[in-house]
Amino acid sequence: QVQLVESGGGLVQPGGSLRLSCAASGMLVRPNFMGWYRQAPGKQRELVAAISSSGITNYVDSVKGRFSISRDNAENTVYLQMNSLKPEDTAVYYCKMAKVGRGLEYWGQGTQVTVSS
């Protein structure tokens, strides 16, 4: 059974930093997609950052220059370094791993990030 476990969320002041981690266990195939999504109250879930198996990254415009996604293929782990956090970054953050083309995708349970003074 595949399980994604996220960690690193919490409360931080505006301008602060957090690093989210998402580690997968029980995965028999190497994911070719790893990404972080977020969902704020009353809003749709949005893709924040994604990284392919070759290391190509994509970011939503609102986090470009502030967030950085990285992955450890050997450990099936994905990270999201979040700097210069703003109150509008407040949301539940979810990681997703997928084997695109095989119809396999897995989600983490979500971790709360709150940016407030």
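All residue numbers for the sequence shown refer to the working numbering, where the first residue is 138 and numbers rise by one.
Beta carbons: idealized from backbone N, C-alpha and C, even for Gly.
In the structure shown, the three-state DSSP call for residue 220 is coil. Restricting attention to 146, 138 and 205, the CA atom closest to the CA of residue 229 is found in 146. Linking residue 174 to residue 180 through their CA atoms gives a straight-line distance of about 12 Å.
The three-state reading of DSSP puts residue 210 in helix, counting H, G and I together. Taking C-alpha positions only, residue 201 is separated from residue 227 by approximately 16 Å. Within the model, the alpha-carbon separation for residue 225 versus residue 178 is close to 11 Å.
For residue 183, the enclosing beta strand (DSSP E) has its first and last residue at 183-189. Minimum Cα-Cα distance from residue 184 among the listed residues 191, 206, 163 and 192 corresponds to 206. For residue 172, the enclosing beta strand (DSSP E) starts and ends at 170-176. C-alpha of residue 140 to C-alpha of residue 244: approximately 8 Å in a straight line.
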